[in-house]
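Written out below as C-alpha cells is the structure these notes cover.
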Amino acid sequence: MKIGVFVPIGNNGWLISTTAPQYMPTFELNKAIVQKAEHYHFDFALSMIKLRGFGGKTEFWDHNLESFTLMAGLAAVTSRIQIYATAATLTLPPAIVARMASTIDSISGGRFGVNLVTGWQKPEYEQMGIWPGDDYFSRRYDYLTEYVQVLRDLWGTGKSDFKGDFFTMNDCRVSPQPSVPMKVICAGQSDAGMEFSAKYADFNFCFGKGVNTPAAFAPTAARMKAAADKTGRDVGSYVLFMVIADAPDDAARAKWERYK
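Just so we're aligned: 189 in the UniProt record's numbering is position 189 of the sequence shown, and the numbers increase by one with no gaps anywhere.
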C-alpha cells in the first residue's frame with residue numbers, strides 16, 4: 001500500500017464551502033504540506049490541474065497554481081517522496097510534456113511521474129480557443145492513446161516517428177531521457193478510461209461515494225483489476241479520500257457539519 005497527499009493547488013482545497021478554512025494556493029503552503037508528508041513517510045504527492053473554477057459565492061477553484069512548475073519547485077525542496085504533476089493534454093503537446101517530465105526527473109533524482117487528463121470541463125478550454133468540438137468526448141481516449149505512445153517513445157528511446165490521427169512526429173528528439181521508467185497515472189472511470197489505464201497506465205484513480213464509507217471504492221477498483229487482467233499488466237488503484245480529522249471522532253463530525 002502507498003499513501004499520498006493530493007496537494008491543494010486550488011483555493012480552499014476540496015470543500016465547496018464558505019465555512020471551511022479559506023486560503024489561497026501558494027508555493028509556501030504546498031511546500032509545507034509536502035515536506036511534512038515526506039517527514040511522516042508518505043509515499044507520494046500529486047497535484048491536479050485546473051484551468052477555470054466554478055465561481056459563485058465560494059469562488060471554488062477560481063484560483064490555481066500550475067501543476068508542472070509547482071511540482072518542479074517541490075521536487076527541489078524534497079529528497080524522498082515521489083512527485084506527480086498533471087498534464088492537461090489538450091493544452092500541451094506530448095513532446096513538450098516529455099521534455100518537462102525529463103527535466104523534473106533530473107531535479108528530483110528519479111522521483112517524478114505524470115498524471116494524464118483528457119479534459120472534461122469544456123469552459124476550461126473554450127476560454128483559450130482550444131476546445132476541439134463536442135465530438136471530442138467520444139474520441140478523447142483515442143487522442144490520449146496516441147499521446148501516451150509519443151511519450152513512451154520519447155522517454156524510452158529519445159526519439160519518435162509516431163504517425164497517427166492526432167499527432168505526427170518527424171524524428172522528434174528528447175534528451176536527456178528520464179533516469180528511471182516514468183510512472184503514468186490516469187483518472188478514467190468509464191469503460192474506455194479503464195481500458196486505457198489497463199493498457200498504458202501504472203495507476204488509475206478510484207473514486208467512491210458517501211461519508212465514512214471507505215469500502216465504497218471497491219466496485220471501481222474491481223473493475224480496474226478486471227480490465228488490467230485482460231492485458232496482463234499490473235495496474236494499481238489510487239483511492240481518493242478527503243479526510244476531516246480531529247479527536248475524538250465526534251469533533252471531526254462536528255467540523256463536517258459546520259463546513260457543509
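Backbone N, C-alpha and C define an ideal beta-carbon position, used for all residues, glycine too. Here the structure is a predicted model, which means the values were calculated and not measured.
From the DSSP output, which residues share a beta bridge with residue i?
i: Ala-2; result: A quick correction: the sequence has Lys, not Ala, at residue 2. Paired residue(s): none; Lys-2 is not in a bridge.
i: Phe-203; result: Ile-185 and Gly-236
i: Val-117; result: Ala-88
i: Asn-64; result: Gly-10
i: Ser-160; result: Cys-172
i: residue 273; result: For residue 273 there is no data in the structure shown, the boundaries of the chain being 1 and 260.
i: Phe-112; result: Ile-83
Could you spell out where the alpha helix (DSSP H) holding residue i opens and where it closes?
i: Val-7; result: Unbroken run through Val-7: none, as it is neither H nor E.
i: Ala-98; result: 94-108
i: Leu-29; result: 27-39
i: Tyr-221; result: The residue you asked about is not Tyr; residue 221 is Ala in the sequence shown. 218-231 is the span of the alpha helix (DSSP H), which, as asked, contains Ala-221.
i: Arg-253; result: 249-259
i: Pro-178; result: That residue, Pro-178, is in no alpha helix (DSSP H); it is neither H nor E in DSSP.
i: Lys-209; result: Unbroken run through Lys-209: none, as it is neither H nor E.
i: Lys-122; result: 122-126
What is the rounded straight-line gap between the Cα of residue i and the Cα of residue j?
i: His-41; j: Leu-74; result: 16 Å
i: Tyr-136; j: Val-239; result: 27 Å
i: Ala-252; j: Ile-185; result: 31 Å
i: Leu-66; j: Pro-25; result: Checking the sequence, you will find Glu at residue 66 rather than Leu. Near 10 Å, if we compare the C-alpha coordinates of Pro-25 and Glu-66.
i: Gly-129; j: Val-7; result: 28 Å
i: Ala-101; j: Pro-178; result: 8 Å
i: Glu-28; j: Arg-173; result: 35 Å
i: Val-243; j: Phe-217; result: 15 Å
i: Asp-250; j: Lys-260; result: 15 Å
Taking 8 Å as the threshold (beta carbon to beta carbon), is residue i in contact with chain B?
i: Tyr-23; result: Of the chains in the structure shown, none is chain B; there is only one protein chain.
Whose CA, out of the options, lies closest to the CA of residue i?
i: Val-211; options: Ser-175, Asp-191, Glu-257 and Val-5; result: Glu-257
i: Asn-170; options: Gly-208, Lys-36, Leu-154 and Phe-6; result: Leu-154
i: Cys-206; options: Phe-241, Val-180, Ala-76 and Val-5; result: Phe-241
i: Ser-175; options: Thr-103, His-39 and Thr-168; result: Thr-103
i: Lys-199; options: Ser-160, Glu-146 and Phe-167; result: Glu-146
i: Thr-78; options: Asn-30, Asp-249, Asp-134 and Trp-131; result: Asn-30
If I measure Cβ to Cβ from residue i and keep anything under 8 Å in the same chain, skipping five residues before and after, which residues do I get?
i: Ala-87; result: Ile-49, Ser-67, Phe-68, Val-97, Val-114, Asn-115, Leu-116 and Val-117
i: Thr-58; result: Asn-12, Ile-16, Ser-17 and Thr-18
For residue i, I'd like the list of residues in its chain whose CB is within less than 7 Å of its CB, leaving aside the five on either flank, ordered along the chain.
i: Ala-201; result: Val-184, Ile-185, Cys-186 and Val-235
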